[in-house]
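Residue numbers (our numbering): 69 to 187.
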């Protein structure tokens with residue numbers, strides 16, 4: 069990659085790094101954070117070919133912000149996508165984090181209650 073294509077790629081990657089830092093800023097509104105999450109996911113798809121590590125991270129952030137906004141349906145969607153990305157990048161095997169995330173995908177409020185490990 070050279071010239072304009074390289075410059076465009078560099079710009080997108082810099083934007084993704086900036087968004088990655090901004091998404092975790094707890095002083096912003098959930099609505100603003102979710103806009104940033106969706107933009108980060110667009111960049112991951114466009115620039116990184118849907119890289120599962122970056123996708124998992126953004127989807128998990130989206131899950132937390134959607135949950136904070138009280139949008140349970142969106143939180144479930146983000147968590148299911150985070151799980152798919154985790155499996156794509158790491159495989160589907162018995163894992164405590166994956167088990168916990170699967171419970172949160174069914175009932176996101178378990179994360180808030182601190183009872184994700186409850187059966």
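Glycine included, each C-beta is placed from N, C-alpha and C at the ideal position.
In this text, all values refer to a predicted model and were calculated from it rather than measured experimentally.
Query raised in the report: Under three-state DSSP, which class holds residue 75?
Result: One-based indexing of the chain shown puts residue 75 at position 7. If DSSP states are grouped into helix, strand and coil, residue 75 belongs with the helices.
Query raised in the report: If we call anything under 8 angstroms between Cβ atoms a contact, is residue 84 one with residue 108?
Result: For the purposes of this step, residue 84 is identified with residue 16 of the chain shown, where counting begins at 1. For the purposes of this step, residue 108 is identified with residue 40 of the chain shown, where counting begins at 1. Yes, the Cβ-Cβ distance between residue 84 and residue 108 is below 8 angstroms.
Query raised in the report: Quick one: any contact between the stretch 132 to 147 and the stretch 109 to 123, if contact means 3 or more CB pairs under 8 angstroms?
Result: By the C-beta criterion, the stretch 132 to 147 is judged not to be in contact with the stretch 109 to 123, since fewer than 3 inter-stretch pairs fall below 8 angstroms.
Query raised in the report: First and last residue of the alpha helix (DSSP H) that includes residue 127?
Result: If you number the chain shown from 1, residue 127 lands on position 59. Start and end: 120 to 136.
Query raised in the report: So, is residue 174 buried or exposed, given that buried needs 16 or more other C-beta atoms within 10 angstroms?
Result: By 1-based counting over the chain shown, the position of residue 174 is 106. Residue 174 is exposed by the Cβ-count criterion.
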